[in-house]
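A.B. asks: Top to bottom, those sequences are chains A and B. When we follow the numbering used here, the leftmost residue of the first sequence carries the number 454, and every step to the right adds one. When we follow the numbering used here, the leftmost residue of the second sequence carries the number 454, and every step to the right adds one. Backbone N, C-alpha and C define an ideal beta-carbon position, used for all residues, glycine too.
Protein chains: 2
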Amino acid sequence: ADLQAGKAKSAVCAACHGANGISIIPDYPNLAGQKVKYLQSSIKAYRDGERKNPIMSPMASGLSDADIANIAAYFASLPAGG
Amino acid sequence: ADLQAGKAKSAVCAACHGANGISIIPDYPNLAGQKVKYLQSSIKAYRDGERKNPIMSPMASGLSDADIANIAAYFASLPAGG
Numbered sequence: 454a455d456l457q458a459g460k461a462k463s464a465v466c467a468a469c470h471g472a473n474g475i476s477i478i479p480d481y482p483n484l485a486g487q488k489v490k491y492l493q494s495s496i497k498a499y500r501d502g503e504r505k506n507p508i509m510s511p512m513a514s515g516l517s518d519a520d521i522a523n524i525a526a527y528f529a530s531l532p533a534g535g
Numbered sequence: 454a455d456l457q458a459g460k461a462k463s464a465v466c467a468a469c470h471g472a473n474g475i476s477i478i479p480d481y482p483n484l485a486g487q488k489v490k491y492l493q494s495s496i497k498a499y500r501d502g503e504r505k506n507p508i509m510s511p512m513a514s515g516l517s518d519a520d521i522a523n524i525a526a527y528f529a530s531l532p533a534g535g
């Protein structure tokens, strides 16, 4: 995966999940240091409609598999706990 | 929430999510240091059928709101990253 591309693509995610992957809003999960495969399957689930959320579904809708791999790899690479 | 009760109740979760909340299986999320509100809403979603998973749905089915609050508080209290 391309961490730089993931970082660029994840800019919009930072609004809720935090620039360091520790979410600003208690209802939303921290992503930093999370398992890359879990992050990938979650974003795909939102993109493909398996999981539904008024915010995450549109966020994920335009992403390619490569985008998802890069975004997931980027957040997984951040230190857990920030 | 009662962390001791949460720890006791979470023993079965450790099989996949790890005794320290860092999951053993790459497909399953780390829970250590996750947002308590997100953990609660996730477990409830599995219990109440909003989220469906062949393993998590039965795991969550028998839990009371108090169980869920205790389990969520316990995993949230563990150091992120293990």
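So what's glutamine 457(B) in DSSP terms, helix, strand or just coil?
C.D. replies: If DSSP states are grouped into helix, strand and coil, glutamine 457(B) belongs with the helices.
A.B. asks: So, are the CB atoms of alanine 529(A) and glutamine 487(A) less than 8 Å apart?
C.D. replies: Yes.
A.B. asks: Could you compute how far the alpha carbon of proline 532(A) sits from the alpha carbon of alanine 485(A)?
C.D. replies: Approximately 6 Å between the Cα atoms of the pair.
A.B. asks: Taking the continuous alpha helix (DSSP H) assigned at valine 489(B), which residues delimit it?
C.D. replies: First-last of the alpha helix (DSSP H) with valine 489(B): 489 to 501.
A.B. asks: Could you give the DSSP three-state label for isoleucine 508(A): helix, strand or coil?
C.D. replies: Coil at isoleucine 508(A), not helix or strand.
A.B. asks: Does the Cβ of serine 514(A) have 16 or more other Cβ atoms within 10 Å, making it buried, or fewer, making it exposed?
C.D. replies: Burial call: exposed.
A.B. asks: Is there a Cβ of chain B sitting closer than 8 Å to that of lysine 497(A), yes or no?
C.D. replies: Lysine 497(A) does not count as touching chain B.
A.B. asks: Residues of chain A with CB under 9 Å from asparagine 506(B), in chain order?
C.D. replies: Per Cβ cutoff of 9 Å: no residues; asparagine 506(B) is ~10 Å from chain A at best.
A.B. asks: Quick one: Cα of arginine 504(A) to Cα of asparagine 523(A), how far?
C.D. replies: Near 20 Å, if we compare the C-alpha coordinates of asparagine 523(A) and arginine 504(A).
A.B. asks: Got a sec, what are the start and stop residues for the alpha helix (DSSP H) alanine 468(B) sits in?
C.D. replies: 467 to 470 is the span of the alpha helix (DSSP H), which, as asked, contains alanine 468(B).
A.B. asks: What's the C-alpha gap between isoleucine 475(A) and alanine 525(B)?
C.D. replies: So the two alpha carbons sit approximately 17 Å from each other.
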